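In what follows, a single structure is set out as structure tokens and then discussed.
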Amino acid sequence: MRLKVDLLPGRDYTDVVILVDVLRATTAAPIVLERTGLFVTPSLRAARRFAGDRGLLLAGERDGLPPEGFNFSASPDDLRKATFDRDVVLTTENGPRAIAHVQEARHVLLGSFFNARAVIEAALELATTDIAIVCAGMRGEEAIEDIVCAGFLARKLEKTGRVETRDRVKLAQTLLRSFADPQEALAQSASGQLLMKLGLHEDLAVASLISHSTVVPRLLSGEDVEGHPVYRFEAVSIPAAEPASERSV
Numbered sequence: 001m002r003l004k005v006d007l008l009p010g011r012d013y014t015d016v017v018i019l020v021d022v023l024r025a026t027t028a029a030p031i032v033l034e035r036t037g038l039f040v041t042p043s044l045r046a047a048r049r050f051a052g053d054r055g056l057l058l059a060g061e062r063d064g065l066p067p068e069g070f071n072f073s074a075s076p077d078d079l080r081k082a083t084f085d086r087d088v089v090l091t092t093e094n095g096p097r098a099i100a101h102v103q104e105a106r107h108v109l110l111g112s113f114f115n116a117r118a119v120i121e122a123a124l125e126l127a128t129t130d131i132a133i134v135c136a137g138m139r140g141e142e143a144i145e146d147i148v149c150a151g152f153l154a155r156k157l158e159k160t161g162r163v164e165t166r167d168r169v170k171l172a173q174t175l176l177r178s179f180a181d182p183q184e185a186l187a188q189s190a191s192g193q194l195l196m197k198l199g200l201h202e203d204l205a206v207a208s209l210i211s212h213s214t215v216v217p218r219l220l221s222g223e224d225v226e227g228h229p230v231y232r233f234e235a236v237s238i239p240a241a242e243p244a245s246e247r248s249v
């Protein structure tokens with residue numbers, strides 16, 4: 001089985017994609033999906049319309065902060081403490097936009113440090129020929145935190161002995177080795193710097209936790225809302241192993 005890492009979304013994904021947007025969409029998604037249904041969109045307008053028509057909750061961010069009228073931010077730390085009595089529509093700036101590039105794959109999974117073991121096991125179970133780890137990036141540019149996470153996931157996949165790797169896998173793993181632990185990588189990233197300026201240090205701590213969720217969001221369907229896509233995700237649950245204590249990369 002072939003394994004590749006794309007530092008930004010590309011094209012021609014046919015089998016299994018693990019989409020990575022560590023800060024913060026693919027960390028927040030399993031936290032929400034553990035407790036309620038999840039829809040994801042890149043558009044504020046579509047999020048408001050879709051949630052308003054169906055009486056759903058809104059969670060999201062622009063420039064790190066929740067938009068006006070939203071029930072929740074996209075903060076993984078806040079979402080872990082939240083109570084949901086309805087399904088949630090999540091909108092952030094990078095991860096949801098990247099879904100359009102990968103949606104033709106047979107399976108699109110959302111992965112991060114937070115659900116690392118589960119997303120690796122799900123990818124191995126679902127894949128027949130290829131696994132692509134795709135970094136969402138930040139506003140069209142490579143994002144350190146996504147590449148480091150991709151390198152981490154790729155290393156774990158390599159250790160199973162079930163995949164053959166390509167050059168960009170090695171590049172991501174080289175960057176991975178540059179940091180002592182995930183939180184250091186997140187703190188040095190542009191997204192991490194923005195969140196720290198906003199006082200959201202705990203988001204970096206939560207996003208750097210390894211394998212704390214057994215839920216893997218999988219793309220189920222999509223629909224057009226006022227010219228923008230709204231994607232529905234389902235939970236693929238992987239049986240829990242021993243509690244993860246690993247902090248280093």
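1 is the number of the first residue of the sequence shown in my numbering; add one for each residue after it.
No residue lacks a Cβ here, since even glycine has one placed at the ideal position from N, Cα and C.
All figures in this text were calculated on a predicted structure; none of them were measured in a lab.
Next item on the list: Starting from the N-terminal side, write out each stretch of the alpha helix (DSSP H) that is 4 residues or longer and does not extend beyond the stretch 92-175.
Entry: Fully enclosed alpha helix (DSSP H) runs of 4 or longer: 95-102, 116-126, 144-159.
Item checked: Of the residues V40, T160, P96, P67, the one placed nearest R139, counting alpha carbons only -> One-based indexing of the sequence shown puts residue 139 at position 139. The shortest C-alpha separation from R139 is found at P96.
Check: Three or more beta-carbon pairs under 8 Å between the stretch 36-55 and the stretch 219-239, yes or no?
Finding: Touching, per the Cβ criterion.
Next item on the list: Closer than 6 Å by C-beta to G64: which residues in its own chain qualify, once you throw out the five before and the five after it? Chain order, please.
Entry: As a working mapping, residue 64 is identified with position 64 in the sequence shown. Closer than 6 Å at Cβ, skipping near neighbours: L194, L195, L198.
Checklist line | Burial state of P243 (16 or more Cβ within 10 Å) | finding: What you label residue 243 is simply residue 243 of the sequence shown in a count that begins at 1. Any reading at P243 needs caution, since the residue's pLDDT is 45, under 50, leaving its predicted position unreliable; the model's value is listed next. Answer is exposed; the Cβ neighbour count stays below 16.
Notebook entry, point to check: What are the partner residues of A235, as DSSP defines its beta bridges?
Noted result: Within the sequence shown, the letter at position 235 stands for residue 235. DSSP lists P217 as partners of A235.
Margin query: Is the separation between the beta-carbon of V169 and that of I18 shorter than 8 Å?
Written below: Within the sequence shown, numbered from 1, the residue matching residue 169 stands at position 169. Within the sequence shown, numbered from 1, the residue matching residue 18 stands at position 18. Contact: no.
Item checked: Of the residues Q188, C149, D167, the one placed nearest L176, counting alpha carbons only -> Mapped onto the sequence shown, residue 176 falls at position 176. Ranking the options by Cα distance to L176, first place goes to C149.
Check: Between F84 and the rest of its own chain, which residues show a CB-CB distance below 8 Å, the 5 nearest in sequence each way excluded?
Finding: Taking the sequence shown and counting its residues from 1, the one referred to as residue 84 is at position 84. V32, R35, T36, L57, listed in sequence order.
Note to self: Quick check on the DSSP output: the beta strand (DSSP E) that includes L19 runs from which residue to which?
What the structure shows: The sequence position of residue 19 within the sequence shown is 19, counting from 1. Where L19 is concerned, the enclosing beta strand (DSSP E) stretches over 16-20.
Notebook entry, point to check: Since A143 and I210 are thought to touch, with beta carbons under 8 Å apart, how far apart are those beta carbons, to the nearest angstrom?
Noted result: Position 143 of the sequence shown, counted from the first residue, corresponds to residue 143. Position 210 of the sequence shown, counted from the first residue, corresponds to residue 210. 19 Å between Cβ atoms; not a contact.
Check: Which value, in whole angstroms, describes the spacing of the CA atoms of A180 and N94?
Finding: Indexing the sequence shown from 1 puts residue 180 at position 180. Indexing the sequence shown from 1 puts residue 94 at position 94. Using only the alpha carbons, I get a separation of about 26 Å.
Next item on the list: Kindly list the residues whose CB is nearer than 6 Å to the CB of V230, restricted to its own chain and excluding five residues on each side of it in sequence; keep chain order.
Entry: The residue given as residue 230 occupies position 230 in the sequence shown. The answer, listed in chain order, is F39, T41, A46, F50, E223.
Check: Going by C-alpha distance, which of I238, D87, R86, A207 is nearest V215?
Finding: Start at 1 with the first residue of the sequence shown, and residue 215 comes out as number 215. The residue with the shortest Cα to Cα distance from V215 is I238.
Item checked: Separation of A187 from N71, as counted between CA atoms -> As a working mapping, residue 71 is identified with position 71 in the sequence shown. As a working mapping, residue 187 is identified with position 187 in the sequence shown. Computed Cα separation, rounded: 27 Å.
Notebook entry, point to check: From what residue to what residue does the alpha helix (DSSP H) around D6 run?
Noted result: The count along the sequence shown starts at 1 and reaches residue 6 at position 6. It is not in any alpha helix (DSSP H) - D6 instead sits in the beta strand (DSSP E) that spans 2-6.
Next item on the list: Grab me the residues of K156's own chain with a C-beta within less than 6 Å of its C-beta, minus the 5 sequence neighbours each way, in chain order.
Entry: Taking the first residue of the sequence shown as position 1, residue 156 is located at position 156. For K156, where only same-chain residues beyond five positions count, the Cβ hits under 6 Å are I120.
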